[in-house]
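First the structure, in the form of structure tokens, and then the observations on it.
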Amino acid sequence: MMRKNFYIETKLGQVHGRKYGESNKTIICLHPMPYSGGYYDTFCNDLVSKTNIAAISLDMLGYGQSSKIEEPISIEDYAFNVIEVLKSLKDTGGLSGEVTLLGFHTGSAIANEIAIHEPELIGKVIFVTYPFFDATKREQLLESQTKGSIEESIDCLKGMWEFTITNRSEGISIERAYENFIDQVKNMPVSWYGFYSMFNYPSEDRLPLLQHVPLIINDTSSLTEPTKIAMSLVHNSEYIELEDVKGGIFELNTDQIIRHVSRYIGV
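Numbered by our numbering, the letters in the sequence shown go through residues 161 to 427 in order.
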């Protein structure tokens, strides 16, 4: 499936996006930091080839091919920026029909905030795991957080190479892993921005404000229990646990995710 790239001018800079297919039902994919919207490329291609759902994946400000930012912004700032993009797409005919937000890790918090501020704009909300941290844990994470930096020694890239390439899950091609590695390297100087935003986001206060009934998809990872806590904080939800989870769920578990998403959206 041929994807179409586009840019939207916003108050904080240009936002780059990828559009997959055409439909009156569209999923807006909000990526985990420190990657870009390209993280969802396999998922989006599988989605549009197997359903009549379209997809748009956006690069958050500072990441991918979107405009750079000089300092961290809040989860709410990211949300307002995406809202501006969605309204611009609606106004220009680039987006029509029902809009569903899908977030993964930090993307889930951004999706939550978008839906809180613009409940009429958003039809449905999907969290594929949720990085819930209480106030004490957030403070600890902020205190221990390191900032990304480029050093003269290539050793500064070794950890990312081993995580993304050497130790990739069986079934993920080296070419696809390399794409994600390049994403990380490109975003290296601002890699910590998204985490900083998440560690300052009071999910315990914000999740109860969500008016939608989200689909919460959990996996087997360090966020399994935090996702369950997040589920307990929303007023109502549809909760699903993936079966036989393989690492890189948006590469190796797309069939399961698409099945649950299609049922939830109603196609």
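Ideal Cβ positions, reconstructed from N, Cα and C, are used throughout, including at glycine.
Buried/exposed call for residue i, threshold 16 Cβ in 10 Å
i    : result
R419 : exposed
H395 : exposed
V427 : exposed
M320 : buried
L302 : exposed
Identity of the residue in the options nearest residue i by Cα
i    : options                   : result
Q225 : V345, L369 and K388       : V345
Y399 : G257, M193, V285 and S217 : V285
N165 : D315, P192, A239 and D201 : D201
I389 : G267, P291 and V242       : P291
R336 : I188, V373 and G198       : G198
R298 : I276, E364, S381 and E401 : E364
E339 : I282, I314, I325 and T170 : I325
S196 : T384, D343, M162 and Y238 : D343
E280 : Y361, D415, Y167 and I243 : I243
M358 : M391, V421 and P194       : P194
H277 : G308, Y238 and L393       : Y238
P374 : L383, T387 and S382       : T387
G283 : G407, F293, T266 and L261 : L261
N347 : M391, S309 and I314       : S309
I229 : I334, I314, V350 and L383 : V350
E236 : I213, Y356, N212 and D315 : Y356
L370 : N212, S392 and Y424       : S392
I233 : V421, N360 and S422       : N360
H372 : R366, L383, T384 and S397 : S397
N272 : R366, E401 and F293       : R366
S382 : N212, Y223 and F293       : F293
Straight-line Cα distance separating residue j from residue i
i    : j    : result
E322 : D251 : 44 angstroms
S304 : E403 : 33 angstroms
G257 : E312 : 50 angstroms
I274 : I417 : 22 angstroms
Y353 : E231 : 8 angstroms
Q300 : M162 : 44 angstroms
S333 : P368 : 40 angstroms
Y424 : D219 : 25 angstroms
G253 : G407 : 37 angstroms
E385 : V421 : 21 angstroms
I188 : V259 : 7 angstroms
N212 : D315 : 45 angstroms
Any non-hydrogen atom of the ligand HEM within 7 angstroms of residue i CB
i    : result
T414 : Judged by which ligands are present, the structure shown has none, so any question about the ligand HEM falls away.
Cβ-based neighbour list, residue i, same chain, cut-off 8 angstroms, excluding 5 preceding and 5 following
i    : result
S227 : L172, G173, Q174, V175 and L221
L255 : T186, I216, L246 and L249
A295 : P362 and E364
F341 : M320, W321, T324 and I325
A214 : K179, Y180, G181, E182, S183, K185, T186, I187 and V208
Cβ neighbours of residue i in the same chain (closer than 6 angstroms, five flanking residues each side left out)
i    : result
V288 : F264 and I377
K307 : W352
Y167 : Q174 and H176
F203 : F410 and T414
T170 : N241 and E244
E401 : N378
Y223 : S196 and N347
7 angstroms Cβ shell around residue i - same chain, five flanking residues per side excluded
i    : result
L317 : V345
V405 : D379, T380 and N413
G267 : L190, H191 and P192
I270 : L190, I235, Y238, A239, V242 and G263
Open item on the list: Whether or not the segment 204-213 and the segment 181-191 are in contact is what I'm after, with contact meaning three or more pairs of Cβ atoms, one per stretch, closer than 8 angstroms; do they touch?
Closed with: yes
- [ ] For the segment 324-336 and the segment 408-417, state whether three or more C-beta atom pairs, one from each stretch, are separated by less than 8 angstroms.
- [x] yes
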